[in-house]
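**Student:** For reference, the structure I am asking about is given below.
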Amino acid sequence: MDKKLSSVKVSESEEITAKEYKASKKRIAELEIKFEILKKLPQNSQENDR
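Under numbering that gives the first Met the number 0, read the sequence shown as residues 0 to 49, first letter to last.
So this is what it looks like as structure tokens:
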């Protein structure tokens, strides 16, 4: 079976492909980096972006 097409069980009733799982992990890592950057901004800078 092709590794990219093999499925990963994400819950009792849901499976995703290995390719989707890898893309999700990459996106989570990107969001974690952005979140860390935002946490370091002064409070008033975050309020101005809203």
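All C-beta atoms in this analysis are idealised placements derived from N, C-alpha and C, irrespective of residue type, glycine included.
Quick check: what's the CA-CA separation for Ser12 versus Lys25?
**Tutor:** One-based indexing of the sequence shown puts residue 12 at position 13. One-based indexing of the sequence shown puts residue 25 at position 26. Each residue's alpha carbon lies about 23 Å from the other.
**Student:** Assign Ser23 to one of three DSSP states: helix, strand, or coil.
**Tutor:** Taking the first residue of the sequence shown as position 1, residue 23 is located at position 24. Correct three-state label for Ser23: helix.
**Student:** Return the CA-CA distance between Lys18 and Asn43, expressed in angstroms with no decimal places.
**Tutor:** Reading the sequence shown from its first residue, position 19 is the one you call residue 18. Reading the sequence shown from its first residue, position 44 is the one you call residue 43. Approximately 40 Å, taken between the alpha carbons.
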